[in-house]
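These notes concern the structure reproduced below.
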Amino acid sequence: MLPVVVVHGGAGIVPRERSEKSTSGVCSAARAAYAILQGGGSSMDAVVEAVIQLEKNPTFNAGCGSVLNAKGDVEMDALVMDGKTLSSGAVSAVRYIANPIQLARLVMEETSHACLTAEGANQFAQAMGVPEIPQESLITEYSRMRWIKNLAPGANPVESQMGKMG
Amino acid sequence: TVGAVAVDSEGNISCATSTGGMLNKMEGRVGDTSCIGSGGYADNNLGAVSTTGAGEAIMKVTLARLILFHMERGQSVEAASDLGLAYMKSRVGGLGGVVTVDPQGHWAARFSSLQMVWAAAQKDTLHYGLYTGEHFTQSI
Numbered sequence: 111m112l113p114v115v116v117v118h119g120g121a122g123i124v125p126r127e128r129s130e131k132s133t134s135g136v137c138s139a140a141r142a143a144y145a146i147l148q149g150g151g152s153s154m155d156a157v158v159e160a161v162i163q164l165e166k167n168p169t170f171n172a173g174c175g176s177v178l179n180a181k182g183d184v185e186m187d188a189l190v191m192d193g194k195t196l197s198s199g200a201v202s203a204v205r206y207i208a209n210p211i212q213l214a215r216l217v218m219e220e221t222s223h224a225c226l227t228a229e230g231a232n233q234f235a236q237a238m239g240v241p242e243i244p245q246e247s248l249i250t251e252y253s254r255m256r257w258i259k260n261l262a263p264g265a266n267p268v269e270s271q272m273g274k275m276g
Numbered sequence: 088t089v090g091a092v093a094v095d096s097e098g099n100i101s102c103a104t105s106t107g108g109m110l111n112k113m114e115g116r117v118g119d120t121s122c123i124g125s126g127g128y129a130d131n132n133l134g135a136v137s138t139t140g141a142g143e144a145i146m147k148v149t150l151a152r153l154i155l156f157h158m159e160r161g162q163s164v165e166a167a168s169d170l171g172l173a174y175m176k177s178r179v180g181g182l183g184g185v186v187t188v189d190p191q192g193h194w195a196a197r198f199s200s201l202q203m204v205w206a207a208a209q210k211d212t213l214h215y216g217l218y219t220g221e222h223f224t225q226s227i
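This is how it looks when you write it as structure tokens:
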């Protein structure tokens, strides 16, 4: 039964016109992670690679393609956890980086902390040599359209993202 | 939100979750993803979970650790995932989805929302789906 990898691209509303890209995105991420496992790689390498692929894919709400906050900015959160030692690393409200999951792994491997947030997370990224990128490169037309649509008075962002009870 | 869980050939288990958060969230709002036990959890003795959905609801029930608790008490990956999601829905009215794996390599992709896009790779077979009940396979 081993090795095995399972990937998700998010629960909630996937418009029909985006379902094809969403499905092919998670399938290629799963393939890439499985190739690492078959090559003897660790489960940590596999899950991080799968998530990096999805962060790079503008179809998904992570990394490039993240939804925008009320001010129209991108703030991202990420977590990794290692089941052998129960160590973990996380970043929250981090900006201007392409792959928050890589930074979360660096928090786990390079600090004694569990989570770094906001400006502290960005300073740590700089210290680790993680390149800073312009926020514009994280924003897609789709995420901007959804942001504008949910600025309207009476809008319900949670329902717009999650849909009604399944 | 995106995430993954994996068990490697040595039996080591990991999880990873990443997100842009909730649409039009307040500046500084942090959801479940970066919180251990909510956005994800991994333990070689129990399994691993990566979660997605309404972050405030996931944190209220610490969804990832709750599912592993059900597995600790003998529930299958699928039953434990459904129990955790059902509790979140009935207790705090939250919708979400999870991918779950146990140390033997049994896995589940379950959700209480109408959709969750997912994929799994095991024994040279790729599994995937989007709508409730979908489970397609193809050779890797």
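The listed protein sequences derive, respectively, from chains E and Z. Heads up: take any position in the first sequence, counting from 1, add 110, and you land on our numbering. Heads up: take any position in the second sequence, counting from 1, add 87, and you land on our numbering. The C-beta atom is built at its ideal place from N, Cα and C for all residues, glycine as well.
Supposed close pair residue i, residue j - CB separation, criterion 8 Å
i       : j       : result
V117(Z) : I154(Z) : Contact doesn't hold; Cβ gap of about 21 Å is too wide.
A188(E) : I211(E) : 5 Å
C174(E) : L213(Z) : Between L213(Z) and C174(E) the Cβ distance is about 24 Å, and since that is not below 8 Å, they are no contact.
G193(E) : I100(Z) : 3 Å
L147(E) : V115(E) : 6 Å
T228(Z) : M186(E) : Absent from the structure is residue 228(Z), since the part of chain Z shown begins at 88 and ends at 227.
M109(Z) : V161(E) : Rounded, the Cβ-Cβ distance is 19 Å, inconsistent with contact.
A91(Z)  : A142(E) : That pair is no contact at about 10 Å.
C-alpha gap between residue i and residue j, whole angstroms
i       : j       : result
E130(E) : K112(Z) : 27 Å
E143(Z) : R128(E) : 26 Å
W205(Z) : A151(Z) : 17 Å
L216(E) : G239(E) : 11 Å
V158(E) : D130(Z) : 17 Å
G124(Z) : A224(E) : 12 Å
D95(Z)  : P113(E) : 5 Å
S163(Z) : F156(Z) : 11 Å
G276(E) : W194(Z) : Summary for G276(E): the model assigns pLDDT 45, below 50, so the residue's position carries little reliability; its value from the coordinates is reported in the next sentence. If you take the alpha carbons of G276(E) and W194(Z), they lie about 22 Å apart.
A173(Z) : S199(Z) : 7 Å
T104(Z) : P263(E) : 32 Å
N260(E) : A135(Z) : 34 Å
A207(Z) : G220(Z) : 15 Å
E159(Z) : G181(Z) : 24 Å
G183(Z) : Q271(E) : 11 Å
R197(Z) : A93(Z)  : 16 Å
V148(Z) : V201(E) : 21 Å
M111(E) : D189(Z) : 11 Å
M191(E) : T133(E) : 25 Å
A167(Z) : V177(E) : 30 Å
T195(E) : A265(E) : 44 Å
C122(Z) : T227(E) : 12 Å
Q191(Z) : M255(E) : 44 Å
S137(Z) : G120(E) : 10 Å
E220(E) : M154(E) : 15 Å
Y215(Z) : T224(Z) : 6 Å
T140(E) : A208(E) : Before going further, note that residue 140(E) is Ala rather than Thr in the sequence given. Approximately 20 Å between the Cα atoms of the pair.
G98(Z)  : Q209(Z) : 14 Å
D119(Z) : S253(E) : 21 Å
A140(Z) : M175(Z) : Sequence inspection shows Gly at residue 140(Z); the Ala mentioned does not correspond to that position. Rounded to whole angstroms, G140(Z) to M175(Z) spans 11 Å at the Cα level.
P244(E) : S198(E) : 28 Å
L213(E) : C102(Z) : 15 Å
N132(Z) : F234(E) : 32 Å
T187(Z) : G161(Z) : 14 Å
T250(E) : F170(E) : 10 Å
A145(E) : S152(E) : 11 Å
R205(E) : G122(E) : 24 Å
G127(Z) : E165(Z) : 16 Å
Opposing strand residues paired with residue i [DSSP bridges]
i       : result
C102(Z) : M191(E) and V92(Z)
Y218(Z) : Q202(Z)
T224(Z) : H214(Z)
T187(Z) : V136(Z) and A195(Z)
A207(Z) : V116(E) and H214(Z)
H128(Z) : Reading off the sequence shown, one finds Tyr at residue 128(Z), where the question assumed His. Beta-bridge pairing links Y128(Z) to V136(Z).
C225(E) : A200(E)
M186(E) : V204(E)
I123(Z) : G127(Z)
A121(E) : M203(Z)
Status (buried if at least 16 other CB within 10 Å, exposed otherwise) for residue i
i       : result
E242(E) : exposed
G149(E) : exposed
E165(E) : buried
I258(E) : exposed
S222(E) : exposed
T167(E) : The amino acid occupying residue 167(E) in the given sequence is Asn; Thr does not appear at that position. It counts as buried.
Y218(Z) : exposed
S177(Z) : exposed
G115(Z) : exposed
Pick from the options that is closest to residue i, judged by C-alpha positions
i       : options                               : result
N232(E) : A203(E), K166(E) and I162(E)          : A203(E)
S226(Z) : V148(Z), G220(Z) and D211(Z)          : D211(Z)
S247(E) : A172(E), G273(E) and E269(E)          : A172(E)
L201(Z) : G119(E), V124(E), V161(E) and M191(E) : V124(E)
H118(E) : E97(Z), T88(Z) and G98(Z)             : T88(Z)
V179(Z) : E165(Z), M146(Z) and M203(Z)          : M146(Z)
Chain-ordered neighbours of residue i on chain B, where CB pairs are closer than 8 Å
i       : result
I154(Z) : No chain B is present in this structure, whose protein chains are E and Z.
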